[in-house]
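Participant: Dropping a structure here in structure tokens format, bear with me for questions.
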Amino acid sequence: MKSSKLLMNTIAAKVFKRVVRIHGSISGEHGDGLLRTKYIPLMYGETMYDVFKQIKLIFDDKQIMNPGKKVL
Numbered sequence: 001m002k003s004s005k006l007l008m009n010t011i012a013a014k015v016f017k018r019v020v021r022i023h024g025s026i027s028g029e030h031g032d033g034l035l036r037t038k039y040i041p042l043m044y045g046e047t048m049y050d051v052f053k054q055i056k057l058i059f060d061d062k063q064i065m066n067p068g069k070k071v072l
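Using the numbering used here, the first residue of the sequence shown is number 1, and each one after it goes up by one.
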């Protein structure tokens with residue numbers, strides 16, 4: 001089980017990097033999904049991800065709404 005998860009994460013990382021490099025999207029019409037959360041900085045870039053974090057802190061300064069999900 002552990003090796004399957006590691007293999008899946010390895011494949012996903014390679015595929016997502018390739019998709020971003022050719023200006024594709026790692027998500028479909030239903031959003032990003034929690035499994036792709038760690039790839040949001042890859043998709044949008046570190047600068048935009050920092051903006052996402054700042055906006056989240058404006059509305060949730062105590063970080064009590066969905067902690068650790070989407071914007072970490």
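Every residue gets a Cβ at the ideal spot worked out from N, C-alpha and C, and that includes glycine.
Bear in mind the structure is a predicted one, so any value in this text is a computation, not a measurement.
Please give the ranges of any alpha helix (DSSP H) in the region 12 to 46, keeping only runs that are unbroken, at least 4 residues long and fully inside the region.
Facilitator: Complete alpha helix (DSSP H) runs here, min 4: 40 to 44.
Participant: Which class does Leu-72 belong to by DSSP, given the choice of helix, strand or coil?
Facilitator: Three-state result, Leu-72: coil.
Participant: Check whether the region 6 to 25 and the region 34 to 52 touch, using three or more Cβ-Cβ pairs below 8 Å as the test.
Facilitator: Result yes; three or more Cβ-Cβ pairs closer than 8 Å.
Participant: Could you check what DSSP says for Asp-61 in three-state terms: helix, strand or coil?
Facilitator: If DSSP states are grouped into helix, strand and coil, Asp-61 belongs with coil.
Participant: Check Asn-9 in the structure and name its three-state DSSP category.
Facilitator: Asn-9: helix per DSSP, three-state reduction.
Participant: Write down the C-beta distance between Phe-96 and Val-71 rounded to the nearest angstrom, noting that I regard them as a contact closer than 8 Å.
Facilitator: As displayed, the chain neither begins before 1 nor continues past 72, which places residue 96 out of reach and without an answer.
Participant: Per DSSP, what kind of secondary structure is Asn-48 in: helix, strand or coil?
Facilitator: First, the amino acid is wrong: residue 48 is Met here, not Asn. In this structure, Met-48 counts as helix in the three-state DSSP scheme.
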